[in-house]
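This report refers to the structure that appears directly beneath it.
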Amino acid sequence: MGLPSETETIESRIFLIRGHRVMLSTHLAEVYGVEPRALVQAVKRNVERFPEDFMFQLDEREFAILKSQIVISSWGGFRRARPYAFTQEGVAMLSDVLSSPRAIQANIAIMRAFVRLREMLAAHKGLARRLDALEKRYDSQFKTVFDAIRELTAPPKEPPRKIGFRP
Numbered sequence: 001m002g003l004p005s006e007t008e009t010i011e012s013r014i015f016l017i018r019g020h021r022v023m024l025s026t027h028l029a030e031v032y033g034v035e036p037r038a039l040v041q042a043v044k045r046n047v048e049r050f051p052e053d054f055m056f057q058l059d060e061r062e063f064a065i066l067k068s069q070i071v072i073s074s075w076g077g078f079r080r081a082r083p084y085a086f087t088q089e090g091v092a093m094l095s096d097v098l099s100s101p102r103a104i105q106a107n108i109a110i111m112r113a114f115v116r117l118r119e120m121l122a123a124h125k126g127l128a129r130r131l132d133a134l135e136k137r138y139d140s141q142f143k144t145v146f147d148a149i150r151e152l153t154a155p156p157k158e159p160p161r162k163i164g165f166r167p
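As numbered in the working numbering, the sequence shown has no gaps in its residue numbers, which increase by one up to the final residue, 167.
Below is the structure:
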């Protein structure tokens, strides 16, 4: 088994936070080959390009959860400030803010990772729908079989009592 591809590495750094698939500023800075604070400074200089549905800062609870899951390193490059989370649209906007050749190539790889993740989720939903349909179709068939088995295994009904005198 070889080394993971750049797309697979990026996919492993896409998280679901507040109902959005996001990448953290610390991971994006690594992919873009810049310091995390330089990335955040570039974003702050262009804050009008990043509405809340493109980028948001993690709250203390979210930050604590990510640290506890070792998503954010607690040694070496550990940052005291809460990282920012960028949605796919925010990552696309970063390519305008960071316009180096490395940033452009990194952005292409990140977009491919988001698309691949979306395709995998769509395939998973399709598979779940097909399984539900099969279950519904076979439930009625198995109901008939189970009803027949119940009839065969039910204790025999007592014969009706005869009316009248019994010798």
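Every residue, glycine too, gets a C-beta built ideally from N, C-alpha and C. Remember, predicted model here, so these are calculated numbers, not experimental data.
Report the option in the options whose CA atom is closest to the CA atom of residue i.
i, options, result
"residue 31", "163, 12, 52 and 147", "12"
"residue 60", "14, 68 and 144", "68"
"residue 97", "18, 34, 6 and 19", "34"
"residue 18", "37, 55, 116 and 49", "55"
"residue 99", "164, 158, 42 and 26", "42"
"residue 87", "26, 162, 165 and 16", "16"
"residue 85", "163, 26, 152 and 162", "26"
Could you tell me the alpha carbon to alpha carbon distance between residue i and residue j, rounded to whole angstroms?
i, j, result
"residue 110", "residue 39", "16 Å"
"residue 45", "residue 9", "29 Å"
"residue 21", "residue 53", "11 Å"
"residue 113", "residue 125", "18 Å"
"residue 51", "residue 28", "18 Å"
"residue 76", "residue 129", "Low confidence applies here, because residue 76 scores a pLDDT of 39, under 50, leaving its location unreliable; read the following figure in that light. Residue 76 and residue 129: Cα-Cα distance of roughly 46 Å."
"residue 123", "residue 91", "24 Å"
"residue 1", "residue 116", "Because residue 1 carries a pLDDT of 43, less than 50, the predicted location of this residue cannot be relied on, and no value is offered for it."
"residue 62", "residue 24", "12 Å"
"residue 65", "residue 47", "26 Å"
"residue 136", "residue 147", "17 Å"
So, for residue i: in the same chain, excluding its five sequence neighbours on each side, which residues have a beta-carbon less than 8 Å away from its beta-carbon?
i, result
"residue 95", "103, 104 and 107"
"residue 199", "The chain is shown from 1 up to 167; residue 199 falls before or after that span and cannot be answered."
"residue 89", "53 and 54"
In the DSSP assignment, the beta strand (DSSP E) including residue i goes from what residue to what residue?
i, result
"residue 17", "15–17"
"residue 42", "Looking at the DSSP string, residue 42 is not in any beta strand (DSSP E); the run it does join, the alpha helix (DSSP H), is 36–45."
"residue 21", "20–24"
Return the first residue and the last residue of the alpha helix (DSSP H) that residue i is part of.
i, result
"residue 92", "88–97"
"residue 50", "Neither: residue 50 is in no alpha helix (DSSP H) and is coded neither H nor E."
"residue 56", "Here residue 56 belongs to no alpha helix (DSSP H); instead the beta strand (DSSP E) covers 55–57."
If residue i sits next to residue j, beta carbons under 8 Å apart, how far is it from one beta carbon to the other, in whole angstroms?
i, j, result
"residue 58", "residue 37", "The Cβ separation is near 16 Å, so there is no contact."
"residue 170", "residue 93", "Outside the shown range of the chain, which is 1 to 167, sits residue 170, and nothing can be said about it."
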